[in-house]
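Engineer: Quick note on numbering: the sequence shown equals residues 6 to 1027 in our numbering.
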Amino acid sequence: MGLNDSSPGAIRNGRALSDQWAESVVVRPRTTERHITVHKRLVLAFAVSILTLIIVTVVAVVLSVRFEECGGGRDRDGAAAAGEAGPRGEAGPRGAAKSNGSKGERSGDRADEEAAQPWRNSRLPGSVRPRHYDLRVAVNMDNFTFAGDVSVELECVNATRFIVLHADRLKVERVSVTAESGAGGRPANRPGGGAMRVHRHFPYPANQMYVVVLHRELKPARLYRLNVSFSAAIEDDLLGFFRSSYTVQREKRYLAVTQFSPIHARKAFPCFDEPAYKATFSLALRHDAQYAGLANMPLESSSPHEDGGVTDRFARTPRMSTYYVAWAVCNFTYRETQTDDGVTVRLYARPDAVASGAGDYALHITKRLLGFYQDYFKVQYSLPKLDLLAVPKHPYAAMENWGLSVFVEQKILLDAEVSSSSYQMEVTMVVVHEICHQWFGDLVTPVWWEDVWLKEGFAHYFEYVGTDFLFPKWNMEKQRFLTDVLHEVMLLDGLSSSHPISQEVEQASDIDRVFDWIAYKKGAALIRMLANVMGQTLFQKGLNDYLLSHMYGNAARDDLWSKLSQAMRSEGRDIDIGQMMDRWTLQMGYPVVTISKNQSEQLATHHATISQEHFLYGQELRSSNSLQWQIPLTVAMGNASSVSAERLIWIHNRSDHSSSVRWTIHPLFLMLGIEINQTGYYRVNYDLHNWKLLIQQLHNNLQIISVGNRAGLIDDAFNLARAGYLPQGVPLQLIGYLPGEPSFLPWHSASRALYQLDKLLDRTDEYSLFSDYVLKQVASRYHQMGWPARGPGGEGSVLQASYQTEELQRELIMLACSYGNKQCHRQAVAYISDWISSNKNRIPPNIRDIVYCTGVSLMDEDVWEFIWMKFHSTNAVSEKRILLEALTCSDNIFLLNRLLNLSLTSDLVPEQDVIDVIIHVGRNPQGRNLAWKYFREKWNILNARYGEALFMNSKLIGGVTEFLNTEKELNELKDFIKASGVGAGPAWPRALEIVEGNVRWHHIHRRQFFQWLRKPLSSALG
Ligand SMILES: [Zn+2]
């Protein structure tokens, strides 16, 4: 599953999307004919309802009489009765009568069993297991309902009278159970066709379960068949089987598609909705002939009905988890390609998007990626086809349903003419991620959600490896991984409100919370560290063994560790991977490793002491009894012309937390963790003298320190200072070497670190001291690189991008414009003026977002209106997004307020973008107070509309609070949390800790920070 954006969390429109405006704009063609039909139907419906009323009354009277005869009050499932709003079908009272009639030695057992009430447990009891589902679903796109029958072949594991499975929001109409031939081949065709008498059946909404109580026990090792018919509405809330719409030539069209991960298959059909209950599925999908049906497997047959309907039958799936089952009903078009192995890959999207070729890029790379993963994992792709479905609305960036992966349009469609290379990179990585899941996720599935990182960490890690396969020059795994994954997640995981990557989950409501950046990014960082410790060949060998051993099944983290350890042993390397990795996965956070050189120069041998402690931003939170890790670490010595003699040492859990290393030659400076571009999940600190030598070295000859390590030094220095491990002047002095820095990555690392500071400082009186210092570092390189050639179609064209140069140029323009370089501002204004006067957009795609934002912030209201108009008229999804972002850059509070209100109360802004609008207003220094105020005022609406599970907790809350940094704001935050009673979600403690940290930084470090900026020559290192 792919999360959205670079902020934690993803869009998750949990509950009431239909409220307010989403529903009010539905315009559907209405003809007089339709009115007439409706009228006739009304008359008919009225007659039927009168008849039904009469029948129901008669039946109720009869039943109540019989129920009394049976002594009624036998219902020991009293608690469950609360949930028995659902129909009882043909069972119920009749079953009760019979069971009462056969009172005997068994009734004691039954009482025990019923007392156990397995449906009260949040997990399935495991007494029966599904083997195969025959599922028939009839979809009605006129009234957005569906009805289905599911027939589940079950194997009984332990004798039981209960079949407990999941169902949510479904109206269950009929339930029956039959005995099939058992393992011993006993025929089931006894009189009555093997039908098992159902005692009663009822929903248990607290656990989203449905319970079938049988009259007699199911016997172990025998097979049974459970048949349930049901119906439900196709809601527009992005969960289960939901609907969505788009416009073709001003006509609104609908599609319906599924999103079952993590626990929403139960909203579309009754099923054993836990990942370990794998089964095979045969789906028949009935729908109106004007639509096409899609599912995990290829279409086998399609039979028309007289009423204009069609039933599509799809091939039987391999064994798989319920949350990967998928289907869709839409009238999209597609383009297709074939892999060398004969797998058909299709991209389905809106007809106009397909016609414009916006899906061709994803199609092309998917074909190549299937080949890449097959070679890498040495395991074939399992299905005969893979469809990529681009939908206008989706709760996540994408979802890796086996054979039918679903993407939100903005993450898969690419208009080469107007898309920036960063947009192209984003699309590429989402596709690489989802294709990886076809192995890590679909084929081998984590046993339970606590180890969701096993699939998400791998898919995220492979985003970088797979993208390198497609575009080797981008050098993603060695470079961009550092800033975008490692540095990014260490910001979060350095908080005491973080959590271990493997986290216990039991309640359904907790499951969404495991999909966070810790699972994705820390998972990826740990896998990368492990891959480097093992070496590429053994790592691949271990993965291959893991996939082959668990294919079509489930695996837990220990299964992976044992296969990787086995691979190591096969080469005579005896490392207990499980023991090492448990430290990293079962405890939160990460270490800071400190190396101090012995100062006595006269000794013949020199030595250094290495120690570890739990890195935390909050000084007062650090305890002497800190967590410890098993750290693979390289130590290297540097002199003026080289860094050499890497040696791997392991820092273990020694009681003194330290270790020492010795040399006979005297190194100029020491470095830690320089192995293959910073693969360790830790920070490195040095004694001040060593920092000074490293900084001198960067000034004198930076090339001897690798690009990755230069980026790492910058990130470590800023964060160590932020947390108070280092004086504030160290990182500032360190970036003094940047004018000589020719590579993108260290600039990118610095830019991100400076943004963290910028948020703290931009409303202070002395802000210009800081921004002037940054501009001083940026100026020379910025002028040297200049601006890109005019696009589109020129040299700046995205598909021929020379990535490193373009990205560096972009980074410098962004730094220059956002910190106030006058020439940068003039250039941006000139571009916008040219666009307005010529009505031709000649701004190179790669820097459009910067130019738009700068133009809106510097120019008058007319420019805002112009961008607003362009936002409505463009069809390119990437362009739409950056135009919307630009609107948040205005320093006119009135306009920002208007934008916020329009976003929330009209359909002018797509609903999945509303949250981004609020966050981006918050990122604008002029809009910060407004965003914070607006967020609090509208909390009830936002919370109701978007749900609090994942997206609200992480993205919006983080986005509107991260810049708060005064005592007053801290108190406002505390008051708000108290008043709105929202203290439980993980996002609130995190927000509180971040803001407390901001306030603390101002108290403790701000003076020292500005002091250094006023007199940078009086070295803060001394
Ligand atoms: Zn994923």
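Glycine residues also receive a C-beta, built at the ideal position from the N, C-alpha and C atoms.
Going by the DSSP bridge assignment, what does F246 pair with across the sheet?
Structural biologist: Answer by DSSP bridge pairing, in chain order: T263.
Engineer: According to DSSP, is R314 part of a helix, a strand, or is it coil?
Structural biologist: Looking at the sequence itself, residue 314 is Gly, so the reference to Arg does not match. Strand, per DSSP.
Engineer: Can you tell me whether I168 is helix, strand or coil according to DSSP?
Structural biologist: strand
Engineer: Between which residues of its own chain and S266 is the CB-CB distance below 7 Å, once the five residues before and five after are set aside?
Structural biologist: By the criterion of a C-beta distance shorter than 7 Å, S266 is surrounded in its chain by M6, Y328 and M404, once the five residues flanking it on both sides are discounted.
Engineer: If you follow the beta strand (DSSP E) that Q343 is in, where does it begin and where does it stop?
Structural biologist: T338 to Q343
Engineer: Does S424 come out as helix, strand or coil in the three-state DSSP assignment?
Structural biologist: coil
Engineer: Who are the near neighbours of V538 in its chain, counting only those whose CB is closer than 6 Å to its CB and skipping five residues on each side?
Structural biologist: P637
Engineer: So what's T450 in DSSP terms, helix, strand or just coil?
Structural biologist: Secondary structure of T450 (DSSP, three-state): strand.
Engineer: For the segment 924-941 against the segment 877-896, do three or more pairs of beta-carbon atoms, one drawn from each stretch, fall closer than 8 Å, so that the two count as touching?
Structural biologist: yes
Engineer: Just checking G7 against ligand 1 - is the residue's beta carbon closer than 7 Å to any of the ligand's heavy atoms?
Structural biologist: yes
Engineer: Could you have a look at G347 and say whether DSSP puts it in helix, strand or coil?
Structural biologist: coil
Engineer: Can you give me the Cβ contacts of F463 inside the same chain, cut-off strictly under 7 Å, excluding the 5 residues immediately before and after it?
Structural biologist: C441, F445 and I532
Engineer: Exposed or buried, N695, counting other C-beta atoms within 10 Å across all chains shown (16 or more means buried)?
Structural biologist: buried
Engineer: So, at 6 Å on beta carbons, what are the nonlocal neighbours of V157 in its own chain, with the 5 sequence-adjacent residues on each side left out?
Structural biologist: P135, Y138 and L231
Engineer: Is there contact here, the segment 363-372 with the segment 428-442, by at least three beta-carbon pairs under 8 Å?
Structural biologist: yes
Engineer: Given a cut-off of 8 Å on the beta-carbon distance, is the pair D173 and Q213 in contact?
Structural biologist: yes
Engineer: Which residues mark the beginning and the end of the beta strand (DSSP E) in which L393 is found?
Structural biologist: K390 to V396
Engineer: How long is the line joining the alpha carbons of Y3 and W458, rounded to whole angstroms?
Structural biologist: What the structure shows of the chain is the stretch from 6 to 1027, and residue 3 is not part of that stretch, so it cannot be assessed.
Engineer: I'd like the list of long-range same chain contacts for F3, defined as Cβ closer than 7 Å, with 5 residues on each side in sequence excluded.
Structural biologist: Absent from the structure is residue 3, since the part of the chain shown begins at 6 and ends at 1027.
Engineer: Hey, how far is the Cα of G1027 from the Cα of L693?
Structural biologist: Its pLDDT being 41, under 50, G1027 is placed unreliably in this model, and the coordinates cannot settle the point.
Engineer: Using only the alpha-carbon positions, how far apart do E74 and N163 sit?
Structural biologist: Confidence at E74 is low in this model, with a pLDDT of 35, below 50, so the placement of that residue should be treated as unreliable; the coordinate-derived value is given next. Using only the alpha carbons, I get a separation of about 34 Å.
Engineer: Quick one: measure Cβ to Cβ for K283 and G245, integer angstroms, because I've assumed they're closer than 8 Å.
Structural biologist: Not a contact, Cβ separation roughly 20 Å.
Engineer: Please report the distance separating the alpha-carbon of Y730 from that of Q832.
Structural biologist: 41 Å
Engineer: Kindly indicate the opening and closing residues of the beta strand (DSSP E) around T183.
Structural biologist: Going by DSSP, T183 is part of the beta strand (DSSP E) stretching over K176 to A184.
Engineer: Identify every residue that forms a DSSP beta bridge with C894.
Structural biologist: Paired residues: none, contrary to the question.
Engineer: Who are the near neighbours of L703 in its chain, counting only those whose CB is closer than 6 Å to its CB and skipping five residues on each side?
Structural biologist: Y742
Engineer: Assign P389 to buried or exposed, taking buried as 16 or more other Cβ atoms, counted over all protein chains shown, within 10 Å of its Cβ.
Structural biologist: exposed
Engineer: Kindly list the residues whose CB is nearer than 8 Å to the CB of S748, restricted to its own chain and excluding five residues on each side of it in sequence; keep chain order.
Structural biologist: Around S748: V712, R715, Q809 and L813.
Engineer: With a threshold of 16 other CB atoms inside 10 Å of the CB of A992, please say whether the residue is buried or exposed.
Structural biologist: buried
Engineer: In the DSSP assignment, the beta strand (DSSP E) including R134 goes from what residue to what residue?
Structural biologist: V133 to N145
Engineer: Pull up the DSSP beta-bridge partners for M676, would you.
Structural biologist: A641
Engineer: Does the beta-carbon distance from S646 to I700 come in below 8 Å?
Structural biologist: no
Engineer: With a threshold of 16 other CB atoms inside 10 Å of the CB of V253, please say whether the residue is buried or exposed.
Structural biologist: exposed
Engineer: Does the beta carbon of A464 fall short of 7 Å from some heavy atom of ligand 1?
Structural biologist: yes
Engineer: Considering Cα atoms alone, identify which of R652, P275 and D498 is closest to M642.
Structural biologist: R652
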